[in-house]
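Structure record follows, encoded as structure tokens.
2 protein chains.
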Amino acid sequence: MGDSRRAVMGRPREFDIDQALERAMRVFWARGYEGASLAELTGAMGISKTSMYAAFGNKEQLFRKALQRYGAGPAAYATRALEEPTARAVALAFLRGAVCTTTPPGGPSGCLTVQGALASSDESRAVHDLLVDWRNDAGVRLEERFRRAVNEGDLPRNADPRRLARFIMAMGFGIAVQAANGLGPAELDEIVDTALLGWPA
Amino acid sequence: MGDSRRAVMGRPREFDIDQALERAMRVFWARGYEGASLAELTGAMGISKTSMYAAFGNKEQLFRKALQRYGAGPAAYATRALEEPTARAVALAFLRGAVCTTTPPGGPSGCLTVQGALASSDESRAVHDLLVDWRNDAGVRLEERFRRAVNEGDLPRNADPRRLARFIMAMGFGIAVQAANGLGPAELDEIVDTALLGWPA
DNA sequence: TCAATTAAGTACCGGTCGGTGCAGAACCCT
DNA sequence: AGGGTTCTGCACCGACCGGTACTTAATTGA
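Those sequence lines, one after another, are chains A and B. So the first sequence is numbered by our numbering: it starts at 475 and just counts up by one. So the second sequence is numbered by our numbering: it starts at 475 and just counts up by one.
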């Protein structure tokens, strides 16, 4: 990270690898893994196929890097939300974050991890499974946070952390699909408010 | 409909067109529109590409017919739920129906209208838009039913039918994604119960 | 019996898919 | 200056994509 060390031999790379990855991420976000062709990806990245293969390996590894970047950038809200003081605040921050990320002013609607490869042909099963794990991991982290909340007395003793986490995750996915359907932030925020009406005291 | 009239000339079709469409629907369901190749589709249908084109037109029209069949079959719960006597019963029937349909014992997990083409390349924008409309139409029907419920005093005067409909639709989509993630009917039913905890008296 | 009609099977179409081989260019170190 | 190393651009690869022309088979009506 930081400025690259000038101790590497050979011809220097002529493009900004971070910016290229950012653009690839947005293409995957809008098109999904299979819907994003090498031609469109490299076109958006502003480089040739050869340069892409030299820098990232192949299409699948490019997607993996893009997914990493997505998790550290647009989807970082999922991790930040866990730091909220109460379970309710965690749930609210998580869903409000989902609303923001799935309706970026200048970017693609929806969630990369949902649109990426919900259904796909057999060849990209690896990417499909990667995304299933990604989404389930997010649920597990939420579940652990809610379990802590029960221990801390922040949630009632009889609350089921796993169940609440699955519910919040489902809401997040639902928001992502509604965003892809064209709903805006204001309408999605209403959905969030409605969802939390029954949140355990 | 019913048994086909025996007054058509020419060589009779050698396959059951209904069964072929059913199998195509399942492939689209599992693979999405773009992820389902002609080879896999016709393989599952048990017919040749030529026969498929003669019977259905092309891939897009085959998908449209499959979507029609999906709406009349697996997704019929969305229409049936509207006939429940109270708004709460409508919402519950809708979501329980979603659980059943997205976790069929011998079929693909998830919802065809969600996995079909959430994100896609530019060429299949027509199918993408078709599915957006399909999903939004379902929301509108739910909204109208809830509006009626307000008028009938079944929902509080200050309840917002559109907002409730969007919330229930989001829950349905969330359930579909969670089903694709591997959750089973029991776990999804828990999500439904949790979602309805805050339902307006 | 025989033309008209429709379906099935084969072989093929141009285009695009993800991915590479290769030559030359631009840098490092000695 | 020159070798080693890395990146770039071009041309190209086999495979598969959705879709079709053409021949042959099976039926209807006359």
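Ideal placement from N, C-alpha and C gives every residue a C-beta, glycine not left out.
**Asked** By Cβ distance below 7 angstroms, which residues in the same chain neighbour A/A510 in space, the five residues on each side in sequence not counted?
**Response** V501 and F502
**Asked** For a contact meaning CB atoms closer than 8 angstroms, what does B/A504 contact in chain A?
**Response** A593
**Message:** Alpha carbons only, please: which of A/A639, A/S583, A/A623 and A/C574 is nearest the one belonging to A/R505?
**Reply:** A/S583
**Request:** Quick one: grab the DSSP three-state call for B/M519.
**Result:** helix
**Prompt:** Roughly how many whole angstroms lie between the Cα atoms of B/L586 and A/A498?
**Reply:** 27 angstroms
**Message:** Taking CB distances under 8 angstroms as the criterion, tell me whether A/Q589 reaches chain B.
**Reply:** yes
**Asked** Per DSSP, what kind of secondary structure is B/M483 in: helix, strand or coil?
**Response** coil
**Prompt:** From the beta carbon of B/I521, is the nearest beta carbon of chain A less than 8 angstroms away?
**Reply:** no
**Beta-carbon gap between B/A467 and B/V624 smaller than 8 angstroms** = With chain B running from 475 to 675 in the structure shown, residue 467 of chain B is simply not present.
**Asked** How close, in whole Å, do the beta carbons of B/P548 and B/T575 come, if the pair is a contact with beta carbons under 8 angstroms?
**Response** 5 angstroms
**Asked** Given a threshold of 16 other Cβ atoms within 10 Å of its Cβ, counted over all protein chains shown, does A/E597 qualify as buried or as exposed?
**Response** exposed
**Message:** For a contact defined as C-beta to C-beta under 7 angstroms, what are the partners of B/N655 on chain A?
**Reply:** V606, R609 and N610
**Item:** C-beta contact flag for B/N655 and A/R609 at 8 angstroms
**Value:** yes
**Same chain, Cβ closer than 8 angstroms to B/D663, five either side skipped, listed in chain order** = R570 and V573
**Chain-ordered chain B contacts of A/E661 [CB-CB under 9 angstroms]** = R636, R637 and R640
**Request:** Please check if any C-beta of chain B sits within less than 8 angstroms of the C-beta of A/F530.
**Result:** no
**Asked** How big is the Cα-Cα spacing for B/G581 and B/Q652?
**Response** 16 angstroms
**Request:** Decide if A/K533 is buried, meaning its Cβ has at least 16 other Cβ atoms within 10 Å, or exposed.
**Result:** buried
**Prompt:** Mind pulling the alpha helix (DSSP H) runs of 4 or more residues that sit fully within the segment 510-596 of chain B?
**Reply:** 512-519, 523-530, 533-546, 551-554, 561-576 and 586-589
**Item:** Coarse secondary structure for A/E496, derived from DSSP in three states
**Value:** helix
**Asked** Run through DSSP, which three-state label would A/A633 get?
**Response** coil
**Request:** State yes or no: is the beta carbon of B/E664 nearer than 8 angstroms to at least one beta carbon in chain A?
**Result:** yes
**Asked** Out of curiosity, what's the CA-to-CA distance linking A/E661 and B/I642?
**Response** 13 angstroms
**Message:** Could you compute how far the alpha carbon of B/P630 sits from the alpha carbon of B/R621?
**Reply:** 11 angstroms
**Prompt:** In chain order, what residues of the same chain have a beta carbon less than 6 angstroms from the beta carbon of A/H602, not counting five sequence neighbours either side?
**Reply:** A591 and S594
**Prompt:** Going along chain B, which residues have a C-beta under 7 angstroms from A/T516?
**Reply:** By Cβ distance, chain B contributes nothing, its closest Cβ being about 15 angstroms from A/T516, past 7 angstroms.
**Request:** Could you tell me which of A/G484, A/E508 and A/A529 sits nearest to A/A494, measuring between CA atoms?
**Result:** A/A529
**Asked** If you measure from the beta carbon of B/L569 to each beta carbon in chain A, is any gap under 8 angstroms?
**Response** no
**Prompt:** Does A/G672 get closer than 8 angstroms to chain B when you measure Cβ to Cβ?
**Reply:** yes
**Prompt:** Given that B/G580 touches chain A, what residues does it touch there, using C-beta distances under 7 angstroms?
**Reply:** Those within 7 angstroms of B/G580 in chain A number zero; the least Cβ separation is about 17 angstroms.
**Item:** C-alpha gap between B/R640 and B/Y507, whole angstroms
**Value:** 25 angstroms
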